[in-house]
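To start, the structure under review is shown below, and the notes come after it.
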Amino acid sequence: MDATGRLDGEPVPGCRPKPSGDRSVPDLEDQDRSWSRAASRYDDLFLDPFRPGVENPLLNAIRAIPDPASKTVADLGCGTGPLLPHLIGRFGRVVALDFAPKMVELAKKRLKASAIPGGDRVEFVVRPMDRLDDFRGAFDVAVAVNSIVMPDVRDIDRTLAAVRASLRPGGVFLGIMPAMDAIHYHTMLLNDEALDRGLDPEEAERHATFQGEHHFYEFAFGRFEFQGLRQKFWQPFEIEHRFAKAGFPKVELEKVLYPWDETITGGPTFADFPRSWDWSFRAVAP
Ligand SMILES: C[S@@+](CC[C@H](N)C(=O)[O-])C[C@H]1O[C@@H](n2cnc3c(N)ncnc32)[C@H](O)[C@@H]1O
13 MDATGRLDGE PVPGCRPKPS GDRSVPDLED QDRSWSRAAS RYDDLFLDPF RPGVENPLLN
73 AIRAIPDPAS KTVADLGCGT GPLLPHLIGR FGRVVALDFA PKMVELAKKR LKASAIPGGD
133 RVEFVVRPMD RLDDFRGAFD VAVAVNSIVM PDVRDIDRTL AAVRASLRPG GVFLGIMPAM
193 DAIHYHTMLL NDEALDRGLD PEEAERHATF QGEHHFYEFA FGRFEFQGLR QKFWQPFEIE
253 HRFAKAGFPK VELEKVLYPW DETITGGPTF ADFPRSWDWS FRAVAP
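Everything in the sequence shown is counted per this note's numbering, starting at 13 for the first residue and increasing by one.
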């Protein structure tokens, strides 16, 4: 802990982290340890895209899958398992995969406590998502909610190609990507609000930078680093680009819309403006 009472390495709000000179991207093994460490604090650290008040097109896309009882679905990067109750009892076979052992442990515990009928038949797999060789052509539906977030885009390209190969022809890939463009949108609103209050442009930008916690972001490459987790944030054009590279000729994008509540800095102030978002996607394997 340092003199200000912060944990070692925790960024100081409003300041840029000290340049370490190390711009290397952490490897997958570092990241699975970081995700395991985050598992027990997961509900405090992350906003739940399925909580009441969120307009989430993903659930409708899941409900629209025809004849699910005859199908296999995979929850890729299942985390502590918030999606599983929406899959169990609907799909014939449910596979839940995550590379962080602690996440899988918590997902199993949560499922057991919920006593959802069929919960004991979920097949849990602990491994990185780019290793799906034994599931080649096995999935009718793959879902990835905020889990295609590897900080190294080579891992992302490998993962998307592996997911594509794990789907049978006509299989559907659904999910949510954290939106980088929504951070720019929030920055614009914070800046405008400060200008409207009479701050000069330099002060208004300082305010937006501080309130928007820009020190956590790498805007040019679309990354967010917080408490040892370095995650990809996506622009819509990048989703289209990387899906095309991985062999998905088309990807449909729709916004997951969040309420302007206290979970977003300045949220209630922006109630008259369009809501902030993440990107939900749907792609079909040819
Ligand atoms: C932001 S959490 C989302 C968890 C869950 N899908 C949800 O909606 O709450 C990201 C999850 O993806 C997992 N993950 C990240 N990269 C992964 C990879 N390369 N292979 C497998 N799991 C991965 C992490 O361990 C973490 O559980």
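Glycine included, each C-beta is placed from N, C-alpha and C at the ideal position.
Counting along the chain, the unbroken beta strand (DSSP E) around E135 starts and ends at E135 to V138. Of V155, V165, T171 and Y54, the smallest CA-CA separation from G183 is found for V155. Under the criterion of beta carbons closer than 8 Å, G91 and Y54 qualify as touching, at roughly 7 Å. Within the DSSP secondary-structure output, Q223 pairs in no beta bridge. Excluding residues up to 5 positions away in sequence, T199, L202 and N203 lie with their Cβ nearer than 6 Å to the Cβ of A220 in the same chain. Looking at the backbone, the Cα of G279 and that of P140 are separated by about 35 Å. For V155, the enclosing beta strand (DSSP E) has its first and last residue at F151 to V157.
Annotated three-state conformation of Q43 is helix, per DSSP. Listed in chain order, the beta strand (DSSP E) runs fully inside the stretch 60 to 97 are 84 to 88, counting runs of at least 3 residues. Taking a cut-off of 8 Å for Cβ pairs, the stretch 239 to 254 and the stretch 186 to 194 touch, as three or more such pairs fall below it. Counting along the chain, S288 sits inside no alpha helix (DSSP H); it lies in the beta strand (DSSP E) bounded by residues S288 to V296.
Cβ contact annotation for L265 (same chain, cutoff 6 Å, sequence separation greater than five): P248, W291 and F293, in chain order. For F147, the distance from the CB to the nearest heavy atom of ligand 1 is not below 8 Å. Distance check between S126 and each of H98, W272 and D164 places H98 closest, using alpha-carbon atoms only. Here G240 has G21, S46, R49 and A50 as same chain residues with Cβ atoms under 8 Å from its own Cβ, once five neighbours each way along the sequence are excluded. Within the stretch 221 to 269, the runs of beta strand (DSSP E) at least 3 residues long that lie entirely inside it are, in chain order, 235 to 238 and 241 to 244. In the same chain as P80, and ignoring 5 residues on each side of it, the C-beta atoms closer than 6 Å to its own belong to R102 and F103, in chain order. For L123, the distance from the CB to the nearest heavy atom of ligand 1 is not below 8 Å. Pairing A297 with F238 gives a Cβ-Cβ distance that is not under 9 Å. Residues of the same chain with a CB within less than 7 Å of the CB of D146, apart from the 5 flanking positions on each side, do not exist. With contacts defined by Cβ atoms closer than 9 Å, R105 and K83 form a contacting pair.
Look at the beta carbons and you see the stretch 121 to 135 not touching the stretch 72 to 79: under three pairs across the two are nearer than 8 Å.
Sixteen is the threshold: since fewer than 16 other Cβ atoms of the shown chains lie within 10 Å of the Cβ of A283, the residue is exposed.
Closest option to V107, judged by alpha-carbon separation, among K124, V153, I128 and D212: V153. Between ligand 1 and the CB of P94, the shortest heavy atom gap is smaller than 8 Å. Nearest to M162 by alpha-carbon distance, out of D110, A206, D208 and K121, is D110. Runs of beta strand (DSSP E) with 3 or more residues, each lying fully within the stretch 141 to 217, are found at 151 to 157 and 179 to 189, listed in chain order.
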